[in-house]
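Before any comments, here is the structure.
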Amino acid sequence: MSSASTSARTGQYDLVVVSNRLPVDKVIADDGTETWRGSPGGLVTALEPIMRASEGAWVGWAGVADDASEPFEHDGISIVPVTLSADEVEFYYEGFSNDTLWPLYHDVIAPPTYHRDWWESYLEVNQRFADAAAATAADGATVWVQDYQLQLVPKMLREIRPDLVIGFFNHIPFPAYGIFSQLPWRTQIIEGLLGADVIGFQRVADAGNFSRAVRRLLGFSTKGTTIEVPIEDAAEVEGRPNRTRVSRRGQHVRTVTARAFPISIDTESFVELAHRPDVQARAKEIRQELGNPDVVLLGVDRLDYTKGIGHRLKAYGELLEDGKIDVAHASLIQVASPSRERVKTYMQLRDEIELTVGRINGDFSTISHSAISYLHQGRPREEMAALYLAADIMLVTALRDGMNLVAKEYVASRFDNGGVLVLSEFAGAADELKQALLVNPHDIQGLKEAIMKAIAMPQSERARRMRALRRRVIEFDVARWSKSFLDELADLTHAPSASEASDAADALSDAADDEAKANASSSVRTARTAQPDARANRTGTEHPSGTEHPTGTEHPTGTEAGGSQK
Numbered sequence: 001m002s003s004a005s006t007s008a009r010t011g012q013y014d015l016v017v018v019s020n021r022l023p024v025d026k027v028i029a030d031d032g033t034e035t036w037r038g039s040p041g042g043l044v045t046a047l048e049p050i051m052r053a054s055e056g057a058w059v060g061w062a063g064v065a066d067d068a069s070e071p072f073e074h075d076g077i078s079i080v081p082v083t084l085s086a087d088e089v090e091f092y093y094e095g096f097s098n099d100t101l102w103p104l105y106h107d108v109i110a111p112p113t114y115h116r117d118w119w120e121s122y123l124e125v126n127q128r129f130a131d132a133a134a135a136t137a138a139d140g141a142t143v144w145v146q147d148y149q150l151q152l153v154p155k156m157l158r159e160i161r162p163d164l165v166i167g168f169f170n171h172i173p174f175p176a177y178g179i180f181s182q183l184p185w186r187t188q189i190i191e192g193l194l195g196a197d198v199i200g201f202q203r204v205a206d207a208g209n210f211s212r213a214v215r216r217l218l219g220f221s222t223k224g225t226t227i228e229v230p231i232e233d234a235a236e237v238e239g240r241p242n243r244t245r246v247s248r249r250g251q252h253v254r255t256v257t258a259r260a261f262p263i264s265i266d267t268e269s270f271v272e273l274a275h276r277p278d279v280q281a282r283a284k285e286i287r288q289e290l291g292n293p294d295v296v297l298l299g300v301d302r303l304d305y306t307k308g309i310g311h312r313l314k315a316y317g318e319l320l321e322d323g324k325i326d327v328a329h330a331s332l333i334q335v336a337s338p339s340r341e342r343v344k345t346y347m348q349l350r351d352e353i354e355l356t357v358g359r360i361n362g363d364f365s366t367i368s369h370s371a372i373s374y375l376h377q378g379r380p381r382e383e384m385a386a387l388y389l390a391a392d393i394m395l396v397t398a399l400r401d402g403m404n405l406v407a408k409e410y411v412a413s414r415f416d417n418g419g420v421l422v423l424s425e426f427a428g429a430a431d432e433l434k435q436a437l438l439v440n441p442h443d444i445q446g447l448k449e450a451i452m453k454a455i456a457m458p459q460s461e462r463a464r465r466m467r468a469l470r471r472r473v474i475e476f477d478v479a480r481w482s483k484s485f486l487d488e489l490a491d492l493t494h495a496p497s498a499s500e501a502s503d504a505a506d507a508l509s510d511a512a513d514d515e516a517k518a519n520a521s522s523s524v525r526t527a528r529t530a531q532p533d534a535r536a537n538r539t540g541t542e543h544p545s546g547t548e549h550p551t552g553t554e555h556p557t558g559t560e561a562g563g564s565q566k
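Going by full-length UniProt numbering, the residue at position 168 of the sequence shown is 168; the numbering climbs one at a time, nothing skipped.
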């Protein structure tokens, strides 16, 4: 047992969740007093009962720079804050996470920026999160790391605490290798993720993209959802030798599972909200405020360039211009909640969207009817449920989206089996919600036709489609998602029998003896046996062309995409 491993074993929690943000927000009153308020969200809802039952802890950042709060209890969950400086918020969070990884992982819809000082901050912050998790987790605990901001944590955590069971879930897409290879630190990211025992993705295609990146960059063997990661000694799987096996190449490997675990919502809570009389009354009031149009269309998004808001507005504006719809009979509500407002790309996007909304309203609104009701503000859950009930058509036109939970929230709220969901095929939800009207948002004409089809759809067809959608969302809710992931971790790392543990440990010891004997053999024999390993090692640390960094620093269209490092 390493000294680092021994010294780190000070925690007491059997389940530790690690995410960039904590499930609570710090609230500072006018008089300066500080309190903590729970953050509503599907992930928190799904994990709260599990964490309480297993005496769990949540490690994350409080969302405020230089906040040095000590660990505390909140609603039965132990909260372990991680401090970030103002520079780290700028470099690690706003920079590398949201101006490098986010656009890259969303198919370079906007150009990523590569700064080496951002990467250095990402390294430092990920190590701080790993250290905090290691100090919090009990011996043999399960640690579940969340999302793209913390992709290095699994490997760092395994190096400190090899006794832990480690899971990682990627909430956003994982790009194809041709895009991912642009990242100068691509190998480090892949190695970081492979520190986990189970790596979850939203879509089957995302898991496939990851496995291909593993083969291209590291040369590791992959089969189906299993990746074989070579190990050098038993310390890497300390206390759990059942994680190892001998590969077809004769190597001792640790098996990693990488597959799709599509996330969902707290369906029951939205069903309950939609049934509340006050929410139903608010839905009727919303339609009245709009002038009781025949058709209410709704878009609900963070103000983000991946959401396809501009494409949606273009299609809607052209329908008004073509005379297919008019503001006396149709109205669009667009909720665009503020997001990353200090990032330049998002500032520009807001200007573009609000300019488009103003132009459409100026061209087509009347004194009594607005073409678009635009809300650049977050809305409480009760108001969202009322909007879902008020809307005849839900427009989800994401250009690339890991899942898009708004689509599922709309479906969950429609207990009346009314409404039509128009859903981008580039959202992860399209893999599950097949009774929606699936569209390619880049095809403006096709999007317009889908909107008109939704408007004209008979009630019987609407009800048939919505019943099928609701069955899916009700059966596969967020609680089932979290259970399936944690069950996968438990199945993969089941405790071996004494004989299995002994056999596995002996096998690793024998492998080490064989290696020592091989090193003492003749130089010719050594050279012959070493060449394949040398080739494998090269693929694990270098670009296939023989250089560490990729040459692909341009957008796929040939224009600069943030370009080379700075």
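Even for Gly, the Cβ is constructed at its ideal location relative to N, Cα and C.
Take the alpha-carbon of Glu318 and the one of Gln334: they are about 16 Å apart. The segment 407-421 and the segment 252-260 do not touch, with fewer than three beta-carbon pairs separated by less than 8 Å. Scanning Asp491, Trp481, Leu492, Leu489 for the CA closest to the CA of Leu43 turns up Trp481. Here DSSP, grouped into helix, strand and coil, assigns Asp443 to coil. One thing to note: Arg472 has its Cβ no nearer than 8 Å to the Cβ of Ala386. Within a 10 Å sphere around the beta-carbon of Ile393 sit 16 or more other beta-carbons, which makes this residue buried.
Just so you know, the alpha carbons of Leu194 and Ser211 end up roughly 10 Å apart. Only exposed fits Asn292, as fewer than 16 other CB atoms lie within 10 angstroms of its CB. Taken atom to atom, the span from the alpha-carbon of Phe72 to that of Glu268 is near 29 Å. Among the bridge pairs identified by DSSP, Pro81 is matched with Gly60. If you draw a straight line from the Cα of Thr187 to the Cα of Ser181, it is about 9 Å long.
Between Phe485 and Gly167 a beta carbon distance of about 6 Å is seen, short of the 8 Å cut, so the two are scored as contacting.
Rounded to whole angstroms, the gap between the alpha carbons of Arg359 and Ile455 is 24 Å. Three or more pairs of CB atoms, one per stretch, sit closer than 8 Å, so the segment 424-432 contacts the segment 389-406.
With contact defined as three or more Cβ pairs closer than 8 Å, the segment 121-139 and the segment 363-376 are not in contact.
Ranked by how close their Cα comes to the Cα of Ser54, the residues Ser39, Ala62, Leu15 have Leu15 in first place. The beta carbon of Arg470 lies closer than 6 Å to those of Val411 in the same chain, with the five residues before and after it left out. Shown here, Asp139 sits in a strand according to DSSP, grouped into three states. Short of 6 Å from the beta carbon of Pro81, and not among the five residues preceding or following it, lie these beta carbons of its own chain, in chain order: Ala62, Ser69. Of all C-beta pairs linking the segment 297-304 to the segment 329-348, three or more are shorter than 8 Å, placing the two stretches in contact. Residue pairing for Ser337: DSSP places it in a beta bridge opposite Arg302. By the Cβ neighbour-count rule, Glu461 is exposed, with fewer than 16 other Cβ atoms within 10 Å of its own.
When beta bridges are read from the DSSP output, Pro230 appears opposite Val253. For His275, the enclosing alpha helix (DSSP H) has its first and last residue at 267-275.
Under the three-state reduction of DSSP, Glu318 is assigned to helix. Of the other Cβ atoms in all chains shown, fewer than 16 fall within 10 Å of the Cβ of Arg52; this residue is therefore exposed. Asn209 carries a helical assignment under DSSP once its states are collapsed to helix, strand and coil. In this structure Gly56 is not in contact with Val24, their Cβ atoms being roughly 14 Å apart against a cut-off of 8 Å. Inclusion of Pro262 and Met403 in the CB contact set at 8 Å is warranted, their separation being smaller than that value.
Only exposed fits Asp322, as fewer than 16 other CB atoms lie within 10 angstroms of its CB.
Taking 3 residues as the minimum length, the beta strand (DSSP E) runs contained wholly in the segment 138-180 are 165-169, in order along the chain. Where Ile190 is concerned, the enclosing alpha helix (DSSP H) starts and stops at 186-193. Within the model, the alpha-carbon separation for Trp119 versus Trp102 is close to 14 Å. The beta carbon of Tyr105 sits closer than 7 Å to the beta carbons of Tyr148, Ile172, Pro173, Phe174, Pro175 from its chain, once the five residues preceding and following it are set aside; these are given in chain order. A direct Cα-to-Cα measurement between Asp197 and Val165 gives close to 7 Å.
Taking each of Arg342, Tyr305, Val343 in turn and checking the Cα distance to Glu352, the smallest one comes out for Tyr305.
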